[in-house]
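Reviewing the structure listed below.
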Amino acid sequence: MSSIPTTQRAWRNVARGLPKDALQLVTDLPVPTELKPGYVLVKVEAAALNPIGYKLMKLLPNSVAGRPLTAEQDLAGVIVNGNGTKWSDGDAVMCFNPKGALAEYIAVPAAQCGRRPANITPVEAAGVPVCALTAHKALFEAAHLQEGQSLLINGGSTSVGAFAIQLAKAKGVKVTAIASGKNEEFCRKFGADEFIDYKEVDVPRYLSKNPPAILYNVILDAVGSTDPALYNHSCDYLAPGGVFVSVGPQPQGLADVPKFTRLLVDIATPKWLGGVRGKWTVISLKPDGKTEGMLEEISTLITEEKVKPVVDSVFTFEDTLKAYDRSMTGRATGKVVIKVVDAERIID
Ligand SMILES: NC(=O)c1ccc[n+]([C@@H]2O[C@H](COP(=O)([O-])OP(=O)(O)OC[C@H]3O[C@@H](n4cnc5c(N)ncnc54)[C@H](OP(=O)(O)O)[C@@H]3O)[C@@H](O)[C@H]2O)c1
Numbered sequence: 298m299s300s301i302p303t304t305q306r307a308w309r310n311v312a313r314g315l316p317k318d319a320l321q322l323v324t325d326l327p328v329p330t331e332l333k334p335g336y337v338l339v340k341v342e343a344a345a346l347n348p349i350g351y352k353l354m355k356l357l358p359n360s361v362a363g364r365p366l367t368a369e370q371d372l373a374g375v376i377v378n379g380n381g382t383k384w385s386d387g388d389a390v391m392c393f394n395p396k397g398a399l400a401e402y403i404a405v406p407a408a409q410c411g412r413r414p415a416n417i418t419p420v421e422a423a424g425v426p427v428c429a430l431t432a433h434k435a436l437f438e439a440a441h442l443q444e445g446q447s448l449l450i451n452g453g454s455t456s457v458g459a460f461a462i463q464l465a466k467a468k469g470v471k472v473t474a475i476a477s478g479k480n481e482e483f484c485r486k487f488g489a490d491e492f493i494d495y496k497e498v499d500v501p502r503y504l505s506k507n508p509p510a511i512l513y514n515v516i517l518d519a520v521g522s523t524d525p526a527l528y529n530h531s532c533d534y535l536a537p538g539g540v541f542v543s544v545g546p547q548p549q550g551l552a553d554v555p556k557f558t559r560l561l562v563d564i565a566t567p568k569w570l571g572g573v574r575g576k577w578t579v580i581s582l583k584p585d586g587k588t589e590g591m592l593e594e595i596s597t598l599i600t601e602e603k604v605k606p607v608v609d610s611v612f613t614f615e616d617t618l619k620a621y622d623r624s625m626t627g628r629a630t631g632k633v634v635i636k637v638v639d640a641e642r643i644i645d
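Per the working numbering, the sequence shown starts with residue 298, numbered consecutively.
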């Protein structure tokens with residue numbers, strides 16, 4: 298194991314704004330030396346972007362965000378100090394760390410690290426934790442999706458959606474994916490049985506007129522849409538007792554506020570006052586007592602090739618701002634990943 302330096306490079310979020318204004322590449326950030334009990338030190342090989350990263354950069358004032366801080370939450374690397382935990386030096390891991398990922402060395406709670414399966418590279422692994430955990434939590438913890446049931450995913454080509462398709466198929470669930478026509482093959486490749494092109498049809502109206510023979514048990518909004526229509530019409534296509542679960546409706550600007558307000562009113566209206574029959578729920582991914590077990594389950598599914606990572610594009614550490622530009626298009630199919638160490642030094 299090469300010696301650990303005292304300082305490192307890191308992308309630090311130093312201000313509120315767009316990544317080009319809010320991020321700074323520093324070269325002298327101290328490498329953590331004193332690890333708290335339960336923490337390990339990971340030498341980062343790759344890190345992945347998540348939309349919440351640039352959204353919070355733009356939204357939160359410094360005092361609320363706690364800046365300066367190391368950006369992002371998803372990383373893959375090698376343990377260089379197991380610190381008496383279950384991890385040993387040299388173990389390959391993928392980690393969910395809301396306290397930062399875009400640096401050469403990160404201290405992470407051991408329970409937020411999962412084994413990196415040997416059949417995927419660090420670049421592929423870096424994009425797994427946040428989106429696979431989100432999909433897992435939404436489907437099985439929030440909506441209690443069961444084998445043999447039927448699932449509708451709004452946003453089958455989002456990274457969360459792609460993991461949701463695969464996790465549901467691994468469980469023996471029938472999946473219908475909604476995405477734009479150009480991403481039909483992407484959704485089908487991951488196992489979607491049925492496909493609806495949201496650019497061709499008004500999906501809630503289409504499904505109201507053409508409900509599936511077996512109504513959906515779960516609808517997952519993996520886009521974070523503020524449009525209430527898919528939920529409002531769901532009594533036509535969501536089975537009694539079914540659940541509508543959202544990754545969190547996020548207004549994109551002022552134009553979205555009326556729809557968002559309507560959605561909040563509709564969710565709050567009880568059925569006896571004319572509200573929607575189906576249960577609406579939202580998830581927010583945070584490390585908890587289930588994170589470790591879920592990461593282990595996801596690692597096993599990847600090892601068994603029941604779940605595959607989804608990579609849209611790969612950037613060098615220096616080109617991190619270009620990576621944010623790609624992520625902010627909202628058109629990526631899979632994860633936007635940053636190689637933190639040189640390509641040839643990544644252990645594949
Ligand atoms: N609650 C949580 O804890 C949590 C955790 C992770 C992510 N999230 C949220 O989950 C959402 C998805 O994140 P992600 O990382 O998976 O996104 P992503 O991979 O960046 O999503 C990009 C994809 O979204 C598709 N898309 C955009 N608008 C769409 C629409 N109206 N209908 C259907 N597809 C659409 C695009 O396909 P087209 O080009 O075909 O439109 C593109 O393939 C984000 O809002 C994110 O903030 C929440």
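Ideal Cβ positions, reconstructed from N, Cα and C, are used throughout, including at glycine.
Just so it is clear, the structure is predicted and the values come from calculations on it, not from any experiment.
Opening and closing residue of the beta strand (DSSP E) in which residue i lies
i: F614; result: From DSSP, F614 is part of no beta strand (DSSP E); its letter is neither H nor E.
i: Q321; result: L320 to P327
i: F492; result: E491 to D494
i: I564; result: Looking at the DSSP string, I564 is not in any beta strand (DSSP E); the run it does join, the alpha helix (DSSP H), is V554 to A565.
i: V377; result: D371 to N378
i: V420; result: No beta strand (DSSP E) contains V420, which is instead part of the alpha helix (DSSP H) from P419 to A423.
Residue i - DSSP class collapsed to helix/strand/coil
i: G538; result: strand
i: K636; result: strand
i: S385; result: coil
i: D649; result: Only positions 298 to 645 of the chain appear in the structure, and residue 649 is not among them; the question remains open.
i: T455; result: coil
i: A465; result: helix
i: V604; result: coil
i: Q305; result: strand
i: V515; result: strand
i: L646; result: This structure leaves residue 646 out entirely; the chain is present only between 298 and 645.
Any non-hydrogen atom of ligand 1 within 7 Å of residue i CB
i: P606; result: no
i: Y495; result: yes
i: N327; result: Sequence inspection shows Pro at residue 327; the Asn mentioned does not correspond to that position. No; taking the cut-off as 7 Å, the Cβ of P327 has no heavy atom of ligand 1 nearer than that.
i: Q463; result: no
i: C428; result: yes
i: T630; result: yes
i: T455; result: yes
i: G374; result: no
i: A552; result: no
i: V544; result: yes
i: L582; result: yes
i: Q409; result: no
i: T578; result: no
Distance CB(residue i)-CB(residue j) smaller than 8 Å
i: S522; j: V573; result: no
i: V377; j: N394; result: no
i: V542; j: L517; result: yes
i: G452; j: V472; result: no
i: A526; j: V544; result: no
i: D616; j: T630; result: no
i: L436; j: L442; result: yes
Through-space distance from residue j to residue i, alpha-carbon basis
i: Y402; j: E331; result: 13 Å
i: E593; j: S447; result: 25 Å
i: K468; j: A439; result: 16 Å
i: L357; j: E369; result: 15 Å
i: S454; j: F483; result: 7 Å
i: I417; j: P606; result: 8 Å
i: D645; j: R502; result: Unreliable positioning characterises D645 in this predicted model, as indicated by a pLDDT of 47, which lies under 50. A coordinate reading is not provided.
i: L570; j: D563; result: 10 Å
i: V323; j: A307; result: 5 Å
i: D325; j: Y336; result: 22 Å
For residue i, the first and last residue of its enclosing alpha helix (DSSP H)
i: P426; result: P426 to H433
i: A263; result: Examination of residue 263 is not possible in this model, given that the chain is present from 298 through 645 alone.
i: V361; result: N359 to A362
i: I349; result: P348 to L356
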